[in-house]
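Trainee:
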Amino acid sequence: MRRRTESGDCCEAPSAVSSSIDNPHKVYEKAETFWSRCSQDEDGMLGGLAMLHGPDVQGSTNFLNALKKNGIMTKTLAALDCGAGIGRVTKNVLMPLFDSVDLVDLIEELVATSAAYIGTDDGIGEKFVEGLQTFEPPERKYDVIWIQWVSGQLTDQDLTSFLQRCIKGLAPDGTIVVKESVSQGGKTVYHESDGCWTRPEASLLQIAKDAGLQLAHKAVQTGFPKGLFSVKMIAFKPVHPVEEDDD
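In our numbering, the protein residues as written are 15 to 261.
1. Whole angstroms are fine: how far does the CA of GLY101 sit from the CA of THR134?
2. What does the Cβ neighbour count give for SER53, buried or exposed, with the cut at 16 atoms within 10 Å?
3. Using a Cβ-Cβ cut-off of 7 Å (strictly less than) and excluding sequence neighbours within five positions of VAL12, which residues of its own chain qualify?
4. Under DSSP, the alpha helix (DSSP H) around GLY188 begins and ends at which residues?
5. Within its chain, find whatever has a CB closer than 6 Å to the CB of PHE142; leave out the 5 residues flanking it on each side and keep chain order.
6. Which residues share a DSSP beta bridge with CYS96?
7. Can you name, in chain order, every residue of its own chain whose Cβ lies under 8 Å from the Cβ of HIS3, other than the five neighbours on each side?
8. From ASP57 to GLN235, what does the alpha carbon distance come to, in whole angstroms?
9. Put PRO110 into one of helix, strand or coil per three-state DSSP.
10. Pairs of beta-carbons, one from the region 67 to 85 and one from the region 238 to 258, closer than 8 Å: are there three or more?
11. Going straight from the alpha carbon of GLY156 to that of GLY183, what length do you get?
12. Nearest to ILE86 by CA position, among ARG213, GLY188, ALA222, ILE221, is which residue?
13. Compare the Cα-Cα distances from SER207 to each of ILE221, TRP163, ALA45 and report the closest residue.
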């Protein structure tokens with residue numbers, strides 16, 4: 015699944031529906047169609063709002079630096095960019111901090127474009143083409159799993175299951191970061207155009223808790239235009255930490 019960004023219908027909307035449905039396949043197909051038709055550049059990845067790129071990168075970088083300063087992120091060997099697209103976050107946020115970055119995205123054409131966009135294989139690890147509703151990260155590998163503007167593409171049940179699989183993908187003392195638009199008023203908003211949901215922050219925190227995660231740190235993205243959903247950056251740690259290898 016691909017992330018959703020702050021364009022068009024990312025402003026507050028009246029269409030509040032449940033993000034827990036019996037048959038999500040049609041919704042997932044809608045999202046795949048939407049993102050496969052987007053331009054393969056920063057503007058396309060940001061839903062036509064390329065001016066968000068600079069403040070988004072700065073906000074994410076500041077957040078990771080805060081995790082490091084506060085002892086929440088202790089290692090920077092390997093990261094996973096979920097819903098990576100052409101590698102916008104990989105190149106500008108994760109590669110400057112991590113020795114190796116893996117990418118996963120549903121759209122094969124976007125993953126293929128990442129080579130030209132990133133411009134170097136140095137620091138790029140594996141590239142996975144798969145939806146997050148079925149993707150299983152390699153176990154015990156990642157110091158940070160970064161999930162930006164893609165959690166809303168999954169139903170509550172699938173997001174919970176995905177986060178549980180992400181826990182297995184964490185290296186000892188690893189961290190999961192969710193960066194996502196959040197709705198106000200306690201209602202989940204469905205967006206017909208790209209087939210995704212915008213949840214209230216409380217719902218995201220509850221899903222993470224149900225998956226076996228606990229809040230470690232959070233911050234609000236700044237520097238975006240008014241009229242868009244608020245964007246939160248939330249770092250989670252497993253309730254039951256991944257143990258170091260005996261050897």
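Yeah, the Cβ is synthetic: ideal placement off N, Cα and C, and Gly gets one too.
Mentor: Reading off the structure:
1. Residue mapping note: residue 134 aligns to position 120 of the sequence shown, counting from 1. Residue mapping note: residue 101 aligns to position 87 of the sequence shown, counting from 1. Spanning the two alpha carbons is a distance of roughly 11 Å.
2. Locating residue 53 in the sequence shown gives position 39, counting from the first residue. Of the other Cβ atoms in all chains shown, fewer than 16 fall within 10 Å of the Cβ of SER53; this residue is therefore exposed.
3. In this structure the chain extends from 15 to 261, so residue 12 is not present and cannot be described.
4. Sequence index remark: in the sequence shown, residue 188 carries index 174 (1-based). Run containing GLY188: none in the alpha helix (DSSP H); it sits in the beta strand (DSSP E), 184 to 196.
5. In the sequence shown, counting from the first residue as 1, residue 142 sits at position 128. So the list reads VAL118, once near-sequence residues are dropped.
6. Locating residue 96 in the sequence shown gives position 82, where the first residue counts as 1. According to DSSP, which records beta bridges pairwise, CYS96 is partnered with VAL118, ILE161.
7. For residue 3 there is no data in the structure shown, the boundaries of the chain being 15 and 261.
8. Here residue 57 refers to the residue found at position 43 of the sequence shown. Here residue 235 refers to the residue found at position 221 of the sequence shown. Those two C-alpha atoms are separated by around 19 Å.
9. Numbered from 1 along the sequence shown, position 96 holds the residue referred to as residue 110. In the structure shown, PRO110 sits in coil (DSSP, three-state: anything other than H, G, I, E or B).
10. Output reads yes: the region 238 to 258 touches the region 67 to 85.
11. As a first step, residue 156 is located in the sequence shown; it is residue number 142 there, counting from the start. As a first step, residue 183 is located in the sequence shown; it is residue number 169 there, counting from the start. Gly is not the amino acid found at residue 156; the sequence shown has Tyr there. Answer to the nearest angstrom: the Cα atoms are 6 Å apart.
12. Within the sequence shown, residue 86 is the residue found at index 72, counting from 1. The shortest CA-to-CA distance from ILE86 to any of ARG213, GLY188, ALA222, ILE221 is the one to GLY188.
13. If you number the sequence shown from 1, residue 207 lands on position 193. Nearest to SER207 by C-alpha distance, out of ILE221, TRP163, ALA45, is ALA45.
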